[in-house]
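Participant: Got a structure here, written out as structure tokens. Questions coming.
Protein chains: 2
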Amino acid sequence: MPPEEFRRYGHQLIDWIADFLSSYDAHRVLPAINPGELRAQLPQAPPQTGEPMHDILADIDRLIMPAMTHWNHPEFFAYFVSSGSGPGILAEMLSATLNPNAMLWKSCPAATELEQVTLDWLRQMLGLPETFWGIMYDSASISIMHALAAAREQLNDLAMREHGMAGRKELPRLRVYASEHVHSSFDKAALILGLGQAGVRKIAVDEQFRLRPEALQHALNEDRAAGWRPMCVTATVGTTSITSIDPVPAIAEICKRENVWLHVDAAYGGSAALVPELRWVLEGCEHADSLVVNPHKWLFVPLDLSVLYTRKPEVLRRAFSLVAEYLRTAQDREVENFMDYGIPLGRRFRALKLWFVLRYFGWEGLAVRLREHVRLAQQLAGWVDAHPEFERMAPTPLSLVCFRAHPAHVQNEEELNRLNESLLEAVNNTREVFLSHTKLNGRFVLRCAIGGVRTEERHVRKAWEIVQKQLARLLALK
Amino acid sequence: MPPEEFRRYGHQLIDWIADFLSSYDAHRVLPAINPGELRAQLPQAPPQTGEPMHDILADIDRLIMPAMTHWNHPEFFAYFVSSGSGPGILAEMLSATLNPNAMLWKSCPAATELEQVTLDWLRQMLGLPETFWGIMYDSASISIMHALAAAREQLNDLAMREHGMAGRKELPRLRVYASEHVHSSFDKAALILGLGQAGVRKIAVDEQFRLRPEALQHALNEDRAAGWRPMCVTATVGTTSITSIDPVPAIAEICKRENVWLHVDAAYGGSAALVPELRWVLEGCEHADSLVVNPHKWLFVPLDLSVLYTRKPEVLRRAFSLVAEYLRTAQDREVENFMDYGIPLGRRFRALKLWFVLRYFGWEGLAVRLREHVRLAQQLAGWVDAHPEFERMAPTPLSLVCFRAHPAHVQNEEELNRLNESLLEAVNNTREVFLSHTKLNGRFVLRCAIGGVRTEERHVRKAWEIVQKQLARLLALK
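The listed protein sequences correspond, in order, to chains A and B. Everything in the first sequence is counted per my numbering, starting at 1 for the first residue and increasing by one. Everything in the second sequence is counted per my numbering, starting at 1001 for the first residue and increasing by one.
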């Protein structure tokens, strides 16, 4: 594409984006589309000859927008919100333009050194010790996979790197531990590492859905006695269902005593630690062997960017470093080549967007926004608590509110589940807000996750009004 | 960031990008920077308060550009070229703006269905059978890891998903096979899967660096007799060092007979198959169980985008699917949720850039460019062959030329290695072109990889002139 053509369409697209960013009120967060509808509108065969850029951009409004779930929409309250801010979008434009592969220092000194510096800034903001070394991956799932691989590599006496696991009759069975509410990526990491589902033991939680340390200790004792070798414990700071915060200090003590790798999944909740009065969420994490936090979740960086910190980068390196001749450089002894610390060799210039976002908002600007999200969630929790037909289903330590409708005349749990499932469907069918759900002790629970960079009080208020209105409608239908 | 502020800086950045894209001649491909120099210029502590976007953008020229290795530069000839085209950059702007997570159909119908459609287009362009189902990951390393995990899951009788591998006394040792020239990501995949280095057996190559099928057969026989269970064979179409193409038809026959998963690594070379007269590169691949091709390598899509095709998506799904309650949707039975087929849950809207690029260039437009790259490589190979002081070190089936200086008066191999290492250093120290190297049978070899969307004959000619000039200078110094 000739640069002048790029300039023309680039300006056109910037105007489209700026118009879009200023018109969320005119867009619904969820699309009105059925499975297969977009596919049916697209050609089955690839284009033989090139098409004008004008036509391609026109298809954004014609084909893509009607099929979009708008994650950046201020009324997106599902899952955990991933919202990309303006400076993040600008940085991604630049990253796609420069397009380096940050595998080696030599292959892009700027990407390597900016990754080191921004991750050290973030470490300071989260109050983590200087001994924590960081690396960027795409997703928390990939980060935790690397953490578990390091935990396995740390079992020096088993010589995993050399000999692997299958068919070695002298090896013990290996196990990893986490609360019942750990994210499914923990199980997936165990699967790919070859631990199997049997190699994952889930630990019971207390009434606030936090891992019970004494249950963990009991499981470790029981498993050791039965010949298992504990390999890793994962504590979660902000579980996906309810943002419960496992008691990391007590878990860390157990891990230290038992000599087991402690990983902390703070993918969502970790960001809160940059707010002075919320720093407590990472209490005890200075003892973790590794910790993951996702700036693409609650730090306004566009997808994807997950950060793994570890006190033991040399173990991670030992698990993965394999330098082919064609990747050797003259600087290998004096620099950090991030490809040595994991699976992906192709590494985007992700540091740029973290740099832009941290600088544009500043530490204080980010703290102001996160504090506001927590305030909005507390306010919504108060509204739920005060309403006779709703009840809160879990504590609200951060910015997620778990609740359900519970009208006085409905006492049967199955009926309540059906009612709340219908309620969620009715709410999302308005397409004006998007909430998601979970199940707690068999109960269907609505989740309202607040964390979008564009989300204000009026948006949360609107969500709450829609929920109430839809419940009234459902009850009237009966 | 208010939309009008985004508009202002967006336009400013578009002009910066368009100016940059039109001024490669004024930029050197390699930076003049020593390790740590960028770090030293950056603040050690994070910014407390927000900074004006104007200052942040100004730092691109001040701090980032002097530390950039320009992968998009027409004179970048190192590794394999990853070059991002204009339509790819525009698509990334949009992807960062819309910022959906393509984990579920519900979480972004547009991303899911566009991924299905564009991967089917690409499949048709590469001449792969309709039975090939595709999924997007970030890098070939992650793709091959998933392929090997599927190969392991296919060993039904071993119940890997349920019981894993460690400490199961009834399990056989597992092994994977590939040529000595397989990419290091194959070894890394085996490491994370828990096969260990012992679980990887490298097979000898012929004089053209292609896996020798009879050596593979011999290895399989020998290993089975010794109690190993073969799990996967990887054939490479376009090895990283020399772009040799393994004889897939013969390998496929062995894999079929031996009932072993066949994976094909065509991360770079696979794209060539869209050129009618180069379609032969994927001959036999219709029998593969899985195949990887990277549009971010030789298809002008910005990093990152790797595609895994497999005839057995249900095996991949069985290896990884774990659906947490909070991710269940009403459409689960009628749609494809790509998160079910792998580790990453956070999935960017990558289909957009493949869609833009395939449409903007069209099948024919892409074929014209790839054909020209191959022509340029053949021309350079001819220049090398015709020059008395240089020699080609490997066949040039595609667009990579492997060669070295070999003046008549230098016959000692060690001296030749030192000379060629100095030559590469001298060439790259001009910073005007960037070549990389490999070692073949102990010999230091220069690699000139041609594949940039902006690379023309004059750029290759310039590289060849610099190489000759630097050799003359080195020889004169002696």
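Using N, Cα and C, we set each Cβ at its ideal position, and we do this for glycine too.
1) Beta-carbon of residue 245(A) versus every beta-carbon of chain B: anything under 7 Å?
2) Taking the alpha carbon of residue 135(A) as the point to measure from, which residue in 339(A), 447(A), 325(A) and 318(A) has its own alpha carbon closest?
3) Is it right to say residue 304(A) is buried, meaning 16 or more other beta carbons lie within 10 angstroms of its own, or is it exposed?
4) Between the region 145-161 of chain A and chain B, which residues of the former have a C-beta closer than 7 Å to a C-beta of the latter?
5) What residue ranges within the region 364-416 of chain A form continuous beta strand (DSSP E) runs of no fewer than 3 residues, ordered along the chain?
6) Tell me the DSSP secondary structure of residue 1054(B) in three-state form.
7) Going by other Cβ atoms of all chains shown within 10 Å of its Cβ, with 16 needed for buried, is residue 1156(B) buried or exposed?
8) What distance in whole Å lies between the Cβ atoms of residue 352(A) and residue 122(A), which are believed to be in contact at a cut-off of 8 Å?
9) Just to confirm before moving on: does the CB-CB distance between residue 1035(B) and residue 335(A) stay below 7 Å?
10) Ordered along the chain, which non-local residues of its own chain (more than five positions away) have a Cβ less than 8 Å from that of residue 1347(B)?
11) Taking the alpha-carbon positions, what's the residue 321(A) to residue 153(A) distance?
12) Rounded to whole angstroms, what's the CA-CA distance from residue 72(A) to residue 230(A)? Just pull it up for me.
13) Starting from residue 1071(B), find everything on chain A with Cβ-Cβ shorter than 7 Å and list it in chain order.
14) Please report the residue range of the beta strand (DSSP E) in which residue 1110(B) lies.
15) DSSP three-state label for residue 295(A), please.
16) Quick one: is residue 249(A) buried, meaning 16 or more other Cβ sit within 10 Å of its Cβ, or exposed?
17) Where in the region 229-269 of chain A do unbroken runs of the beta strand (DSSP E), each at least 3 residues long, occur, reported from the N-terminal end onward?
18) Give the secondary structure of residue 1483(B) by DSSP, where H, G and I count as helix, E and B as strand, and everything else as coil.
19) Do you know offhand how far residue 479(A)'s Cα is from residue 173(A)'s?
20) Which residues in chain A sit within 9 Å of residue 1010(B), going by Cβ to Cβ distance?
21) Could you pull the DSSP bridge partners for residue 1436(B) from this structure?
22) Which whole runs of the beta strand (DSSP E) in the region 1287-1356 of chain B are 3 residues long or more, in chain order?
23) Check whether the Cβ atoms of residue 163(A) and residue 1405(B) sit closer than 7 Å, and answer yes or no.
24) May I ask you to list the residues that DSSP assigns as paired with residue 174(A)?
25) Who are the near neighbours of residue 99(A) in its chain, counting only those whose CB is closer than 8 Å to its CB and skipping five residues on each side?
26) Under 7 Å between beta-carbons, which chain A residues line up against residue 1261(B)? List them in chain order, please.
27) Looking at residue 1175(B): is its Cβ nearer than 7 Å to the Cβ of residue 1223(B)?
28) Measuring CA to CA, which of 1376(B), 1396(B), 1448(B) and 1302(B) is closest to residue 1424(B)?
29) Tell me the rounded alpha-carbon separation between residue 1160(B) and residue 1314(B).
30) Would you list, in chain order, the members of the region 1021-1054 of chain B that have their beta-carbon closer than 7 Å to a beta-carbon of chain A?
31) Do residue 1392(B) and residue 1381(B) come within 7 Å of each other at the CB atom, strictly closer than that value?
32) I need the straight-line Cα distance from residue 1460(B) to residue 1085(B), nearest angstrom please.
33) At a CB distance below 8 Å, what residues from the region 276-302 of chain A approach chain B? Give them in sequence order.
34) Give the residues of chain B in contact with residue 217(A), contact being defined as C-beta atoms less than 8 Å apart.
35) If we call anything under 7 Å between Cβ atoms a contact, is residue 345(A) one with residue 1179(B)?
36) Return the residue from the list 47(A), 40(A), 62(A) and 74(A) that minimises the CA-CA distance to residue 26(A).
Facilitator: Considering the structure as presented:
1) no
2) 339(A)
3) buried
4) 145, 149, 160 and 161
5) 390-392 and 400-405
6) helix
7) exposed
8) So it is not a contact: roughly 14 Å between Cβ atoms.
9) yes
10) 1101, 1102, 1103, 1111, 1136, 1338 and 1339
11) 12 Å
12) 41 Å
13) 99, 100 and 101
14) Run containing residue 1110(B): none in the beta strand (DSSP E); it sits in the alpha helix (DSSP H), 1109-1126.
15) helix
16) exposed
17) 261-265
18) Here chain B comprises residues numbered 1001 to 1478, so residue 1483(B) is not present and cannot be evaluated.
19) Since the first residue shown for chain A is 1 and the last is 478, residue 479(A) is missing from the structure and cannot be characterised.
20) 10, 11, 13, 14, 15, 17, 18, 86, 89, 90 and 93
21) 1447(B)
22) 1290-1293 and 1306-1310
23) no
24) 229(A)
25) 349
26) Correct list: empty, because the minimum Cβ distance to chain A is about 15 Å.
27) yes
28) 1448(B)
29) 15 Å
30) 1021, 1022, 1031, 1033, 1035, 1038, 1039, 1042, 1045, 1046, 1047, 1048, 1049, 1050, 1051 and 1053
31) yes
32) 19 Å
33) 294, 296 and 302
34) The premise fails here: residue 217(A) is roughly 22 Å from chain B at the closest Cβ pair, so nothing lies under 8 Å.
35) no
36) 74(A)
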